[in-house]
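Reading through the structure tokens given below for one structure.
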Amino acid sequence: MLADRANRKMRLLQIFTIYCDPPGETGSGKTTQIPQYLYEAGIGRLGLIAVTQPRRVAAISLAGRVAEERRTQLGKLVGYTVRFEDVTSSETKLKFMTDGMLLREAIGDPMLLRYTVVVLDEAHERTVHTDVLFGVVKSAQRKRREMNKIPLKVIVMSATMDVDLFSEYFNKSPVLYLEGRQHPIHIYYTKHPQSDYLQAALVSIFQIHQEAPPSHDILVFMTGQEEIEALARTCRDIAKHLPDGCSPMVVIPLYASLPPAQQLRVFQPAPKGSRKVILSTNIAETSVTISGIKFVIDTGMVKAKRFNPDSGLEVLAVQRVSKAQAWQRSGRAGREDSGSCYRLYTEHEFDNFLPMTVPEIQRCNLAAVMLQLMALGIPDVMNFDFMSKPSPEAVRSAVEHLELLGAVERKDGHVCLTALGKKMSSFPLEPRYAKTILLSPDYSCSEEIVSIVSLLSVDSVLFNPPARRDEVLAARRKFTSSEGDHVTLLNIYRAFKKVGGNKEWCRENFVNSRNMSLVKELNLKMESCGAETGNVRRCIAHGMFVNAAELQLDGSYVALDTHQAVAVHPSSVLFQAKPAYVVFNELLHTSRCYMRDLCLVDADWLMEAAPEYFGRKLHPSKS
DNA sequence: GAGCACTGC
1 MLADRANRKM
11 RLLQIFTIYC
21 DPPGETGSGK
31 TTQIPQYLYE
41 AGIGRLGLIA
51 VTQPRRVAAI
61 SLAGRVAEER
71 RTQLGKLVGY
81 TVRFEDVTSS
91 ETKLKFMTDG
101 MLLREAIGDP
111 MLLRYTVVVL
121 DEAHERTVHT
131 DVLFGVVKSA
141 QRKRREMNKI
151 PLKVIVMSAT
161 MDVDLFSEYF
171 NKSPVLYLEG
181 RQHPIHIYYT
191 KHPQSDYLQA
201 ALVSIFQIHQ
211 EAPPSHDILV
221 FMTGQEEIEA
231 LARTCRDIAK
241 HLPDGCSPMV
251 VIPLYASLPP
261 AQQLRVFQPA
271 PKGSRKVILS
281 TNIAETSVTI
291 SGIKFVIDTG
301 MVKAKRFNPD
311 SGLEVLAVQR
321 VSKAQAWQRS
331 GRAGREDSGS
341 CYRLYTEHEF
351 DNFLPMTVPE
361 IQRCNLAAVM
371 LQLMALGIPD
381 VMNFDFMSKP
391 SPEAVRSAVE
401 HLELLGAVER
411 KDGHVCLTAL
421 GKKMSSFPLE
431 PRYAKTILLS
441 PDYSCSEEIV
451 SIVSLLSVDS
461 VLFNPPARRD
471 EVLAARRKFT
481 SSEGDHVTLL
491 NIYRAFKKVG
501 GNKEWCRENF
511 VNSRNMSLVK
521 ELNLKMESCG
531 AETGNVRRCI
541 AHGMFVNAAE
551 LQLDGSYVAL
561 DTHQAVAVHP
571 SSVLFQAKPA
581 YVVFNELLHT
591 SRCYMRDLCL
601 VDADWLMEAA
611 PEYFGRKLHP
621 SKS
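The UniProt record's numbering applies: residue 1 is where the first sequence begins, and numbers increase by one.
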């Protein structure tokens, strides 16, 4: 019956937005059922039904569940496509995929002609990919209408109250509300503002611990690894010295950089009679769902990225959550039964939180997004129809960045893609990395550059357990190069390969197979420069010249494009070296503005790379 | 002489 109702609606509506509370994950069924209703209604006959997810695991597991429900083998009627994995076939009609993957496909097929329906799930998360997709599907709909093609139906599924924004954007499309299976949650606020949320969290944990039955688990939302580990230690210490009759406590930290085996500990039930206390980052807000949580403690804080378009700098800062985030957090207490949420802030403070989290598109560097939009053939990228527009400064600075890289040029007041830019857009990489790879054959070091970029693109190459810092330093010393961090990484990689690491050369963590195959597709000549690592640095200088810094007389550094004071990060092998010129991969704004991953370069190389640009930036006396 | 929320192509 429900299916019939959905089918009828489907025929009537071009687009509708679904409001569902709580966000449909395991059990709520909207993501698994709606695509099946669409298929049963015959909509899949003329094309595919795409269901996008922000995360790979979600796409994969949903596809598995739906295939099971249809009693078919995964990859036949129901399949999934995520990076590195395509489990679909010519029979596939229901395709679960990451939103980034659909965006990639749109480059070759901007009208998304293979699809009759696109379901954008978890839209409330507002990832960059989802936000760009909004614009892409909207324009595909319009173009298909204009060209009398089969219409594209779009369904936006969101778990928050901002449906008006979605509906308005999609030409006032109708909204359908679904009721979720949320259990009641008691919300408690503090009477007074808390100056120390960590102390407040500690007090709350032990207050609950002494009053509630031990089977009731606690989930605490905090901001990062360091404070989580510190609080975990404190809790364990205190728990040891509790009066007799108090139940034992199992404290489990949870954050993304924790090894997977340790992450799994949050799913294990505590021994009978013990209470499980999970101290988590916002990973438990969306990515990890833990059952059995009866109490949520919300510090109201989150560590999140901010972007300053003037400096082009992304800053990671501890800040207040939005109301939507606070509701998402409290919802984690009511998944199986009623629960409680202790908010470590006053109701008045809550009233002043932003209603929604600022979409990522308004908080990040837009260079890659702009390049992608141009590759999609969007005529006027400067005025792209974003649902939430990024600031004009951010757009302008991104386009200027691409112009410097030679990816775009201005013709009659319009910005358009160059041949180089077109090639760059085919890499799933930041534009400057793509450019460096494309330049590498000119320096006979494509093999080295592809390796280095791959090493920089994955974050699991080097471990840095703080407790074993001396051992780490000693182990790394033999690879250290005075040429900088890039060549040092290369040394580590070459050593890895030498000991037989090339068995699973491409699928290993070290090398990014897609980049490798892209290089083949683009007919780049794979060449090694052997011991001539100067070529590697020269190539890096040419690709990354925008991130150059110059040593000053007083021993400090200045970034050449913004003239901002920067410092060598202590983790760099060049920390004590003080070379005159370096290029760096990224700036990290913490106690100071640090350059990370540095490469020693010659001023001449920078001049060669962008004579006009550095003619303005460099000291004339130093050339 | 420091310290990295979370995704993703």
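Positions of the beta carbon are idealized from the N, C-alpha and C atoms, including for glycine.
Just so we're clear, the structure is a prediction, and the values are computed from it rather than from any experiment.
Which listed residue (the options) has its alpha carbon closest to that of residue i
i: residue 45; options: 116, 88, 125 and 162; result: 116
i: residue 614; options: 589, 549, 556 and 600; result: 549
i: residue 397; options: 118, 381, 303 and 56; result: 381
i: residue 357; options: 383, 365 and 319; result: 319
i: residue 184; options: 278, 339, 208 and 289; result: 339
i: residue 179; options: 211, 159 and 558; result: 159
i: residue 424; options: 444, 443 and 403; result: 403
i: residue 243; options: 206, 226 and 268; result: 206
i: residue 350; options: 194, 294 and 167; result: 194
i: residue 141; options: 170, 166 and 126; result: 170
i: residue 222; options: 212, 302 and 485; result: 302
i: residue 316; options: 34, 594 and 410; result: 594
Residue i burial status per 10 Å Cβ neighbour count (16 or more: buried)
i: residue 60; result: buried
i: residue 605; result: buried
i: residue 334; result: buried
i: residue 571; result: exposed
i: residue 58; result: buried
i: residue 629; result: In this structure the chain extends from 1 to 623, so residue 629 is not present and cannot be described.
i: residue 616; result: exposed
i: residue 498; result: exposed
i: residue 612; result: exposed
i: residue 359; result: buried
i: residue 22; result: Low per-residue confidence applies at residue 22: pLDDT is 40, beneath 50, and the placement is therefore not dependable, though the value from the model is reported in the following sentence. Buried, by the Cβ-count rule.
i: residue 108; result: exposed
i: residue 412; result: exposed
i: residue 590; result: exposed
i: residue 26; result: With a pLDDT of 40 at residue 26, under the threshold of 50, the predicted position of this residue should be treated as unreliable, though the coordinate-derived value follows. With fewer than 16 Cβ atoms within 10 Å of its Cβ, residue 26 is classed as exposed.
i: residue 213; result: exposed
i: residue 89; result: exposed
i: residue 454; result: buried
Rounded Cβ spacing between residue i and residue j (contact assumed at less than 8 Å)
i: residue 580; j: residue 603; result: 7 Å
i: residue 551; j: residue 574; result: In fact, because the Cβ distance is near 11 Å, the residues do not count as touching under 8 Å.
i: residue 299; j: residue 201; result: 6 Å
i: residue 332; j: residue 198; result: So it is not a contact: roughly 20 Å between Cβ atoms.
i: residue 585; j: residue 456; result: 6 Å
i: residue 50; j: residue 102; result: 6 Å
i: residue 336; j: residue 291; result: 6 Å
i: residue 445; j: residue 535; result: 4 Å
i: residue 326; j: residue 353; result: 7 Å
i: residue 54; j: residue 130; result: 7 Å
DSSP three-state assignment for residue i, whether helix, strand or coil
i: residue 252; result: strand
i: residue 608; result: helix
i: residue 53; result: strand
i: residue 308; result: strand
i: residue 79; result: strand
i: residue 116; result: strand
i: residue 569; result: coil
i: residue 593; result: strand
i: residue 531; result: coil
i: residue 364; result: coil
i: residue 98; result: strand
i: residue 166; result: helix
i: residue 442; result: helix
i: residue 23; result: Low per-residue confidence applies at residue 23: pLDDT is 39, beneath 50, and the placement is therefore not dependable, though the value from the model is reported in the following sentence. Here residue 23 sits in coil by DSSP.
i: residue 323; result: helix
i: residue 345; result: coil
i: residue 477; result: helix
i: residue 414; result: strand
i: residue 301; result: strand
i: residue 458; result: coil
Query raised in the report: Do the segment 332 to 343 and the segment 361 to 379 make contact, defined as three or more Cβ pairs closer than 8 Å?
Result: no
Query raised in the report: Just checking, does the segment 214 to 232 make contact with the segment 272 to 291 on the three C-beta pairs under 8 Å criterion?
Result: yes
Query raised in the report: Taking one C-beta from the segment 534 to 549 and one from the segment 429 to 443 each time, how about it: are there three or more such pairs within less than 8 Å?
Result: Per the Cβ contact rule, the segment 534 to 549 is in contact with the segment 429 to 443 (3 or more Cβ pairs under 8 Å).
Report task. Say whether the segment 251 to 259 touches the segment 219 to 234, bearing in mind that this needs 3 or more beta-carbon pairs closer than 8 Å, one atom from each stretch. Result -> yes
Query raised in the report: Does the segment 142 to 149 come close enough to the segment 72 to 91 that 3 or more CB-CB pairs lie under 8 Å?
Result: no
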